[in-house]
Structure formats: structure tokens, C-alpha cells
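Asks: As numbered in UniProt numbering, residues 1 to 459 make up the sequence shown, in order. All C-beta atoms, glycine included, are put in the ideal place defined by N, C-alpha and C. Got a structure for you, written out below as C-alpha cells; questions coming shortly.
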Amino acid sequence: MITASHNPVDYNGIKFIDHNGNMLDKSWEKCSDDLVNCDDKDFYNMLNKILRKNSNLCDIEDGITGHVILGRDNRESGISIIENIKNVLSQVNCIVEDYGEVSTPEMHYLVRMSNFKNELIEKDEYINSLIKKYDKLRKLTDIDLPIFIDTANGVITNKINKLNFSIINDDNGVLNEKCGADFVKTNNQLPIFDEFKFNNFDIKTLFASFDGDADRLIFYTLENNFNIIDGDAQAVIIANYIRKLLIKLNIRLKIGVVLSFYSNSGVFDCLNNFEVVMVQTGVKNFVTAAKKYDIGIYFEPNGHGSVIFSQNAIKIFFSGNDPEHKILQILADTFDPCIGDALANLLVFKCIIFSTKNIKSYKENGSRLLTVKVRDKSSITVNDKNEVLFPKTLQDSIKEEVDRCGGRAFIRPSGTEDVIRVYSECPNQQDADILGLRIAQIVYDMCDGVGHHPEIDFS
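Set out below in C-alpha cells:
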């Protein structure tokens, strides 16, 4: 899948999807790195080495045929990247299929189902399948809440048009420019459009923003100027909804809610009836934790999330014929088991949210996320609990600031850039800002900061 997700239009990247629709297995990540980083002259030798080590087959020249499915978002640069990939794969005995413009969750579905059926499925099977489930669900719940959609000017636009939902983006808008889930969540503000005006709408109207490749979803209303329903709030909504269905059916299943260390502490007050675990950033971490439950609900604050149902839970859902049984059957079939599907999630929430009144049942603490550019991020070592192991004096300084402000905070090196992320949280926003800035400055001073000193842009 060729996409740079929520990033600006001039970025691009690649996402690998395994044969079962999951993200690529870790063992193949290492193989991929080795292959990409070898010299061109060593390419075939490295490929054969990987093949011999990881299969019971011989060299690639011995007739092994690969079968690769390609897809891309709507960035113009994706067209030439796809053509280059096709050219390389044609030289290593691969059959190549190209689905053209697709969302990332759509690609996961198409790969999974093509392997399940042992044939390349039609591209429209994805959206047609979702429409059928959506129609069944809204008839059962008798709810179909109107939602106005910000597509981030991304690939989801065609799907939203097929569903005849209202799109609020400008006709010639640029991908992820002043719109989309990441813009709304990161800046804590409404998307900006030339033609569409939010002040023409009632404060209880529900809006939703996708990201560029449609694996993130953020809801919001105009109450109190701006009320965001991020991944944390979505987890609360779906967890409570599923729990009510199970109680009505007298079904006892183990439900777990998997959240991020970046999740706002206020959300935990609404989840006292659930087992809640916190994991590090990364979809694989969330999916792994969610699979430990009969019903694993995982959401990141950025709006990426899904619900995973065990085979035991699905079997119980199909053992009855009550409306609640049928709703649970559809939910288990609609939520993507491999990755967060923002479109599938939108359709579910559209059918279970009766109104936006009290849609967010908890008060958030003030929070701030900052980044500090450093010369070498590897100079900082952090454990799974976000405690700094080295330099030890840095952890002592962070604790001192946290104790002074009465909040919580942690730092983590970025996985892709030479920056350190600083997260701070306090009962009010001003203290969260002060705490975040103080810690960011400490990181800058102690870890060889580069460029401008940390600051907050309130513009």
C-alpha cells in the first residue's frame, strides 16, 4: 500500500500487508530491511538467501512465483512509485495485481479475502460488503444519525459519495491541508475550508474527519465552541454499548479496553466496569493486547482503533436470535480484525449514537504534546513504563517537575525522527502547558537539543 497517511501531500511511503490481512509479521520486517539496504549488485543473492532461510524451497530461479497486490492513495507521486514497483517485481518472477486508488483498510480487506477465497476479488466487494452490514444494523437499531464528513480530500471521498453522505470539503481541496483527522486532533480545532461555514449549523450537529488513507476517524460537535470525540471517547462509547447488549442477553464475556499512554487520564473514570490496559504506540501493540480478551476494544487518541472478537464470543452471538444477538453478530463482522477501519467505524457509530447530547461522558484533563529536536535520539533510553533509564538525572528532573505541577508527564524518542516527544497532563490546560515546556527545555538542555528552543504556538 503506497501512502503517507495523514502526512502532507508531497510525502509518500509504503505499508506492507501480510497474506492474512494483518500487518507484516516481524520476521519478514527484518528480511525487508535486509533487502532494501543491500547494494543493487547483491540484490539477487540477498533475495535467494532470504528465501532459503525462510522456506523449504530453493533459489528464486527454480520456478517460485510470487503474487503481490498493489494499491495507493490519491497522491500523484503514487502513480510513478507503483509503476517502478511493477517493473522491479516483473524481474523477480512475480504476478502483480494493481487495485489503483484504495484506502489502507480496504487493501487489508482485499488481501485477506483474496487469500481466503484463493482468487483475486473485485475491488467493489469491500464497499458493497460494508453497505450491506450498515443497512442491516440501522434497521435493527432504528438509528441513523446524520454526520457531516471531512474526507481530508483523500481516497475515502469516492466511498462517501457512494454512501450519499454529506461532504464538507472544498471541491479542489489539497490532501490533508488544514483538514483531516490529524489536523483536527493535533491542533484541537475545526478544519478550515473556503466554502463550508460551521457557524451555519446547530451546536449539536455531528461532524467527522478521516485521515488521508482512512484508518483514522475523529468526531466533533460545536458545543462549547469545539467538542472533540477522539479515540479515547470512541472507546468509551463502543465499550458501554456492547456491555449493555451483553447484560440484556445475560452473556458473560471478558471485555478489555486497550488505550495508549497518550490517552487522557479523564477517560479512566468512565471505564470502571472494564479491564483497562495501556500499551505503547504502534498498531501491533494494540492488536496483540486486544486479542487476549473475548472482546478487545482498542483505540488510540488519534482516532485509530477497532474491536476484536474471539471465536468463542462470535459462537455465542450466533447461538441466539434476539435483536441484541443480531446486532452483536453484525458488529463482529463489521469491525476490522486486522487494523482500524475508519469507514467501518463511522458506519457503526452512525447506527448506535442516538444523539450528541452527553456524547462525551467525561471531563478531560489539560494536555500538551511537544517535540524536541535532538542530535541523537539514541542518547536517551526509556523503558516500557516510559521511565528514563539513561541519563538517570533526566528522569529525576522530570519527576521533580511533575511533583511540582501535580500532573503526569513522560518522554519517548520518536521511532522515525531524531526528536523526543514530550507528553504532559494536568487538571487544567495552563499547568499542562507549563509542565510540558519545562520538561521539553530540560530535554533540550540535557540531550544536546538542536535548533530553536521548545515553545508552544498558540496561533
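Reducing DSSP to helix, strand and coil, say where M23 ends up.
Replies: In the structure shown, M23 sits in a strand (DSSP, three-state: E or B).
Asks: Report the option in R408, L190, E83 whose CA atom is closest to the CA atom of I203.
Replies: When only C-alpha atoms are compared, the closest one is L190.
Asks: Is Q329 buried or exposed, if buried means 16 or more other CB atoms sit within 10 Å of its CB?
Replies: Label assigned to Q329: buried.
Asks: Which residues in the same chain as V257 place their Cβ atom closer than 6 Å to its Cβ, once the five residues preceding and following it in sequence are excluded?
Replies: Contacts found: A235, A239, L271, F274, V276, I297.
Asks: Can you tell me which of I434, G71, K30 puts its alpha carbon nearest to the alpha carbon of L51?
Replies: Residue K30 is the option with its Cα nearest to L51.
Asks: Do you know whose CA, among N12, E223, I251, N169, lies nearest D322's CA?
Replies: Checked all of N12, E223, I251, N169; the closest Cα to D322 is I251.
Asks: Would you tell me roughly how many angstroms separate the C-alpha atoms of D431 and M278, rounded to the nearest one?
Replies: For D431 and M278, the distance between alpha carbons rounds to 24 Å.
Asks: Considering only residues of the same chain and omitting the five flanking positions on each side of S414, which have a CB-CB separation below 8 Å?
Replies: The residues are T371, K377, I420, R421.
Asks: Locate the beta strand (DSSP E) running through K373, then write down its first and last residues.
Replies: Counting along the chain, the beta strand (DSSP E) containing K373 begins and ends at 366-373.
Asks: Per the DSSP calculation, L259 is bridged to which residue(s)?
Replies: According to DSSP, which records beta bridges pairwise, L259 is partnered with M278.
Asks: Work out the CA separation of G180 and E97 for me, nearest whole Å.
Replies: Near 29 Å, if we compare the C-alpha coordinates of G180 and E97.
Asks: Given E455, which residues of its chain have a CB within under 8 Å of its CB, disregarding the five upstream and five downstream residues?
Replies: Counting only Cβ-Cβ distances below 8 Å, and skipping sequence neighbours, we find L437.
Asks: So I238 is in the alpha helix (DSSP H); what residue range does that whole segment cover?
Replies: Counting along the chain, the alpha helix (DSSP H) containing I238 begins and ends at 231-249.
Asks: Exposed or buried, E83, counting other C-beta atoms within 10 Å across all chains shown (16 or more means buried)?
Replies: Label assigned to E83: exposed.
Asks: Which of helix, strand or coil does DSSP assign to V217?
Replies: The amino acid at residue 217 is misidentified as Val; the sequence shows Leu. In the structure shown, L217 sits in a strand (DSSP, three-state: E or B).
Asks: Taking D224 as the reference, which of R243, N199, P391 has the closest Cα?
Replies: In the sequence as displayed, the identity of residue 224 is Asn instead of Asp. When each option's Cα is compared against that of N224, the closest is N199.
Asks: Kindly indicate the opening and closing residues of the alpha helix (DSSP H) around G305.
Replies: Counting along the chain, G305 falls outside any alpha helix (DSSP H), though it belongs to the beta strand (DSSP E) covering 305-309.
Asks: Anyone know if the C-beta pair for L140 and K326 falls short of 8 Å?
Replies: Yes, the Cβ-Cβ distance between L140 and K326 is below 8 Å.
Asks: I need the straight-line Cα distance from D18 to Q91, nearest angstrom please.
Replies: Taking the straight line from one Cα to the other gives about 21 Å.
Asks: Decide if T393 is buried, meaning its Cβ has at least 16 other Cβ atoms within 10 Å, or exposed.
Replies: Counting Cβ neighbours within 10 Å, T393 comes out exposed, since fewer than 16 surround it.
Asks: Going by other Cβ atoms of all chains shown within 10 Å of its Cβ, with 16 needed for buried, is I95 buried or exposed?
Replies: It is exposed - the Cβ of I95 has fewer than 16 other Cβ atoms within 10 Å.
Asks: Could you please give the first and the last residue of the uninterrupted alpha helix (DSSP H) stretch that includes C405?
Replies: First-last of the alpha helix (DSSP H) with C405: 392-405.
Asks: Would you say residue 469 and G340 are within 8 Å of each other, going by their C-beta atoms?
Replies: Because the chain here runs from 1 to 459, residue 469 falls outside it and cannot be looked at.
Asks: Determine the DSSP secondary structure at V388, reduced to helix, strand or coil.
Replies: Residue state, collapsed to three classes: strand.
Asks: Curious, which full-length beta strand (DSSP E) runs of at least 3 residues does the stretch 43-103 contain?
Replies: Segments of the beta strand (DSSP E) lying fully in the stretch 43-103: 66-72, 94-101.
Asks: CB-CB under 6 Å to I353, same chain, minus the five flanking residues each way: which ones, in chain order?
Replies: Once the five neighbours on either side are set aside, the close Cβ partners of I353 are L145.
Asks: For Y126 and T205, what's the separation of their Cα atoms in angstroms?
Replies: Distance between the alpha carbons of Y126 and T205: 29 Å.
Asks: Would you kindly work out how many angstroms separate the C-alpha atoms of V450 and E401, rounded to a whole number?
Replies: Going by the C-alpha atoms only, they are around 22 Å apart.
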